[in-house]
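Residue numbers (this note's numbering): 78 to 940. Down below is the structure, laid out as structure tokens.
See the structure below:
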């Protein structure tokens, strides 16, 4: 027997069947999607204009114009073609990035619950049409203007009115309207859509929820700062070289300007912003494919710094597939696996059913309904599904709820209450001995990982209802125990976190014994390592911080206490990731460094406050996202090292010969040719690099650590400086020995091109010795090598290309000389890699060793 509408009889109307699918599709075709005005994606012409306005492209355009003026048509045409090629590559990567972000926005689009053909279903909010019937619940953001049909709600309309106090709306009144964009803070209801899209009140005012600007991230800030530093250096050195060449060394102004442009192009690291934008956007897209939606792309970089993960138990570590395991009353117990329910348990089950919320989505209440449909006779179900006359909601102060029903025979009301065992026992005022016995039995069930709720009945014959449930009279009936087994992959995911130096803290509203039992099953340490919400309220912030040093379970925690826990961990210098699903979780999710909302059972408010959304609510998906976040950071660090390293020899070969009066080693054409190899290496090859074996066995990086400063760049500088010294010394030696230009210049350039590939090989997998570098860790390294070889062959075999580079009639002696120089460069990289590996031996930790241990910074802050 299906549950009937449980709202008060005077408010109750027939549950409508909603539109048919065909009719809804026709209306959607006519009226268009239910979307508010939003920012359109960037047009192609705007992308082209932005790319051509970049300093590197401006330098290329000026150089091409100078070659035209000097009469070097081939060089001018090549540079112009290079502008088109590099611009096309940059625009293609930008479009790829934009498509990835648009795919994320599509995933992040709000959802709606509607009734169509009499069946409740989830659809995109954009597909909602006029006359659709919406099913609304706590935490939902209303997706269209609508008329309340049934139920009672409190609605936050501050987005429209600026008034922060929620407004109560009930079908007791007539023609109650609901506005798109407002948030339901309490209650459940059904409503009929009256307007969509631009026709809503929100649309008429012109407010669009999708226009929020992405805040600048720490890495974006650091990369921009670094680019400005290099740009200033490029301008200063280029101007100095122009003055030196023209005024002091007697070169013509146009030739001197070409040399200055070549130097500026060599110094300017235009790849940094491209790398960061592409890596973060595509990283967010890859994370989404693993079931984690990134609402703010900047949060991807924070994933690798998480040192504490505060997670829900139900649905995150467990399957959230509640089933009734046991019924108990007085001294009798019935396990559901033993067969049909004995008749003496019928009053317990009936009153539990009477206490269920209307249109429930709670897993335990669904389990009660399913078991009742199986074992209660139809007349008993009918008695339970009566509309109720009064309800007392569950509150943080009293974890119990009561429904009151008009008595079928005679005057007065029947009461049905359910809730946390300690709350129901307090309402029933049982003798201490009986209460202790019941509490002992419930503790034993909780120790098995079962979740327990107690049930009570009562009567109310007076006319005036009291303000609190505590003033009603109850009789204890018994309790129901539910089983929610851990997810099969939860234990492995917890173990991976612990190996990675990430503390996992369970925060749950469940009984401590239940929470500890599940914690033990997923590998979160021994029993006894827990605190409760009541204890938290009695401690100062300093006392709470001390206690958190060795805690793995926080039980009977209320949502607002989660906010205090998050801040306490942050005061200990932890980077906190937190999962949540309810309206009251939103402050803690927003305060956390990485807030993670549940995609299936989470409210719209929680999702909007969070940085990430778990589409499948699985903890292992979150751990997978952390792993991907660490990989993205590693790959950005690899690309950054490569960029710095590869620019060092280019700068040296551009400036040293000019200062010493030697023939120019690198012309603007040659530098552009190198960029054709460098840009794909940065934006394509390193982005697809695989994770190293130490990725999840090292401690989280600090928030201050950046790939654009510090040790990472010094490694790149060391690599590039060594290669620059080898190439410059070789070129100097050849000039001193009188080596012909058709040998010295191509030998130096070819060895530099191959050194670019060696740098990519050295940086793509730093955990492996350079002498054992492999293509296996990156599927795009082999195409890069083939591109390098093709470029070398083109330079040697195509006369017009050789001529543009100043390599007319390349001598056969240049080939072995280039191979020798590249080999010396490879030896330098191998020596650096060996030194780096000795300094950074991975620290592999036992997961058990990290459970309940105080981090060193915890101790420092507490002492």
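Each residue gets a CB set at the ideal place from its N, CA and C atoms; glycine is no exception. These numbers come from a predicted model, not from an experiment.
Handout entry: residue 514, buried or exposed, once every other Cβ within 10 Å from all chains shown has been counted against 16
Key = Here residue 514 corresponds to residue number 437 of the chain shown, with the count starting at 1. Result: exposed.
Practice task
Can you check the region 747 to 818 for any beta strand (DSSP E) of at least 3 residues that lies completely inside it and give the ranges in chain order?
Solution key: none
Problem - Sub-7 Å separation of residue 406 and residue 555 beta-carbons - result: Position 329 of the chain shown, counted from the start, is the residue given in the question as residue 406. Position 478 of the chain shown, counted from the start, is the residue given in the question as residue 555. Going by C-beta atoms, residue 406 is nearer than 7 Å to residue 555.
Problem - CB contact flag (residue 339, residue 801, <7 Å) - result: Here residue 339 corresponds to residue number 262 of the chain shown, with the count starting at 1. Here residue 801 corresponds to residue number 724 of the chain shown, with the count starting at 1. Cβ atoms of residue 339 and residue 801: not closer than 7 Å.
Practice task
Please state if the CB of residue 219 and the CB of residue 259 are separated by a distance shorter than 7 Å.
Solution key: By one-based count along the chain shown, residue 259 stands at place 182. By one-based count along the chain shown, residue 219 stands at place 142. For residue 259 and residue 219, yes; Cβs fall inside 7 Å.
Practice task
Taking 7 Å as the cut-off, decide whether the C-beta atoms of residue 205 and residue 267 are in contact.
Solution key: Residue numbering aside, residue 205 sits at position 128 when the chain shown is read from its first letter. Residue numbering aside, residue 267 sits at position 190 when the chain shown is read from its first letter. In this structure, residue 267 does not lie closer than 7 Å to residue 205 by Cβ.
Handout entry: Touching by the beta-carbon criterion (3+ pairs, under 8 Å), the region 587 to 603 and the region 615 to 630
Key = yes
Exercise for the section: Locate the beta strand (DSSP E) running through residue 231, then write down its first and last residues. Expected result: For the purposes of this step, residue 231 is taken as the residue at position 154 of the chain shown. Segment 222 to 233, the beta strand (DSSP E) holding residue 231.
Practice task
Just mark residue 585 as buried or exposed, buried being the case when its beta carbon has 16 or more other beta carbons within 10 Å.
Solution key: In the chain shown, residue 585 corresponds to position 508, counting from 1. Label assigned to residue 585: buried.
Handout entry: Completely contained beta strand (DSSP E) runs for the region 416 to 496, where each covers 3 or more residues
Key = 467 to 469, 477 to 483, 490 to 496
Problem - Contact check, residue 333 vs residue 314, beta carbons under 7 Å - result: Taking the chain shown and counting its residues from 1, one reaches residue 333 at position 256. Taking the chain shown and counting its residues from 1, one reaches residue 314 at position 237. Taking 7 Å as the Cβ cut-off, residue 333 and residue 314 do not qualify as a contacting pair.
Exercise for the section: Please state whether DSSP places residue 392 in a helix, a strand or coil. Expected result: Taking the chain shown and counting its residues from 1, one reaches residue 392 at position 315. Here residue 392 sits in coil by DSSP.
Handout entry: Inter-stretch contact at 8 Å, needing at least 3 Cβ pairs: the region 776 to 792 / the region 701 to 720
Key = Result yes; three or more Cβ-Cβ pairs closer than 8 Å.
Practice task
Find the nearest neighbour of residue 582 within the set 352, 609, 477, judged by alpha-carbon distance.
Solution key: Along the chain shown, one-based indexing puts residue 582 at 505. Among 352, 609, 477, the Cα nearest to that of residue 582 belongs to 609.
Exercise for the section: Output the residue ranges of the beta strand (DSSP E) runs that lie fully inside the region 644 to 700 and measure 3 residues or longer, sorted by chain position. Expected result: 653 to 657, 671 to 675, 689 to 691
Exercise for the section: Just the C-alpha distance for residue 445 and residue 662, rounded to the nearest angstrom, thanks. Expected result: Along the chain shown, one-based indexing puts residue 445 at 368. Along the chain shown, one-based indexing puts residue 662 at 585. One C-alpha to the other measures close to 26 Å.
Practice task
Please name the residue, chosen from 804, 745, 835, 779, that lies closest to residue 336 on a Cα-to-Cα basis.
Solution key: Reading the chain shown from its first residue, position 259 is the one you call residue 336. Ranking 804, 745, 835, 779 by Cα distance to residue 336 puts 745 first.
Handout entry: Cβ neighbours of residue 566 in the same chain (closer than 6 Å, five flanking residues each side left out)
Key = Here residue 566 corresponds to residue number 489 of the chain shown, with the count starting at 1. Within the same chain, residue 566 has close Cβ partners 697.
Practice task
Please state whether DSSP places residue 641 in a helix, a strand or coil.
Solution key: Against the chain shown, residue 641 aligns to sequence position 564. It is helical.
Problem - Alpha carbon of residue 383 to alpha carbon of residue 494, nearest angstrom - result: By one-based count along the chain shown, residue 383 stands at place 306. By one-based count along the chain shown, residue 494 stands at place 417. For the pair residue 383 and residue 494, the Cα-to-Cα distance works out to about 42 Å.
Handout entry: Spatial neighbours of residue 489 in its chain, beta-carbon cut-off 7 Å, leaving aside the 5 residues before and after
Key = Residue numbering aside, residue 489 sits at position 412 when the chain shown is read from its first letter. Excluding sequence neighbours, residue 489 sits near 536, 537, 538.
Problem - Cβ contact (3+ pairs, closer than 8 Å) linking the region 373 to 382 and the region 507 to 527 - result: no
Problem - residue 415 classed as buried or exposed, judged by whether at least 16 other C-beta atoms fall within 10 angstroms - result: As a first step, residue 415 must be located in the chain shown, where it is residue number 338. The residue in question, residue 415, is exposed, as its Cβ has fewer than 16 Cβ neighbours within 10 Å.
Problem - Extent of the continuous beta strand (DSSP E) to which residue 868 belongs - result: For the purposes of this step, residue 868 is taken as residue 791 along the chain shown, with counting starting at 1. Premise fails: residue 868 lies in the alpha helix (DSSP H), 858 to 874, not in any beta strand (DSSP E).
Problem - Inter-residue spacing [alpha-carbon to alpha-carbon] between residue 389 and residue 308 - result: The sequence position of residue 389 within the chain shown is 312, counting from 1. The sequence position of residue 308 within the chain shown is 231, counting from 1. The alpha-carbon atoms of residue 389 and residue 308 are separated by roughly 48 Å.
Problem - residue 836 beta carbon less than 7 Å from that of residue 723 - result: The sequence position of residue 723 within the chain shown is 646, counting from 1. The sequence position of residue 836 within the chain shown is 759, counting from 1. Cβ distance < 7 Å, so residue 723 and residue 836 count as in contact.
Problem - residue 929, DSSP secondary structure in three states - result: For this step, residue 929 is matched to residue 852 along the chain shown. Note on residue 929: pLDDT 46, under 50, position unreliable in the model; no value is reported.
Exercise for the section: Would you decide whether residue 228 is buried or exposed? Buried here means 16 or more other CB atoms lie within 10 Å of its CB. Expected result: In the chain shown, residue 228 corresponds to position 151, counting from 1. Buried, since its Cβ has 16 or more Cβ neighbours within 10 Å.
Practice task
Report all residues from its chain with a CB closer than 7 Å to the CB of residue 533; omit the five preceding and five following residues, and keep chain order.
Solution key: Walking along the chain shown from the start, residue 533 turns up at place 456. If we look at residue 533 and ignore the five residues flanking it on each side, its Cβ neighbours are 494, 501, 504, 505, 551, 552, 553, 554.
Practice task
Identify the continuous alpha helix (DSSP H) that holds residue 615 and give its terminal residues.
Solution key: By one-based count along the chain shown, residue 615 stands at place 538. 610 to 615 is the extent of the alpha helix (DSSP H) around residue 615.
Practice task
Give me whichever residues DSSP pairs with residue 584 in a beta bridge.
Solution key: The residue labelled residue 584 in the question sits at position 507 within the chain shown. The beta-bridge partner set that DSSP reports for residue 584 consists of 631.
Exercise for the section: Quick one: give me the first and last residue of the beta strand (DSSP E) that residue 554 is part of. Expected result: Along the chain shown, read from residue 1 onward, the residue named residue 554 stands at position 477. First-last of the beta strand (DSSP E) with residue 554: 550 to 560.
Practice task
Output the distance between the C-alpha atoms of residue 876 and residue 882, rounded to the nearest integer angstrom.
Solution key: In the chain shown, residue 876 corresponds to position 799, counting from 1. In the chain shown, residue 882 corresponds to position 805, counting from 1. Rounded to the nearest angstrom, the two C-alpha atoms are 10 Å apart.
Practice task
Can you grab the Cα-Cα spacing for the pair residue 729 / residue 804, in whole Å?
Solution key: Working through the chain shown from its first residue, we reach residue 729 at position 652. Working through the chain shown from its first residue, we reach residue 804 at position 727. Between residue 729 and residue 804, the C-alpha separation is close to 9 Å.
Practice task
Work out the CA separation of residue 496 and residue 589 for me, nearest whole Å.
Solution key: Residue mapping note: residue 589 aligns to position 512 of the chain shown, counting from 1. Residue mapping note: residue 496 aligns to position 419 of the chain shown, counting from 1. In a straight line, the C-alpha of residue 589 is about 16 Å away from that of residue 496.
Problem - Beta-carbon proximity of residue 413 to residue 398, cut-off 7 Å - result: Position 336 of the chain shown, counted from the first residue, corresponds to residue 413. Position 321 of the chain shown, counted from the first residue, corresponds to residue 398. It is not a contact, given that the beta carbons lie outside the stated cut-off.
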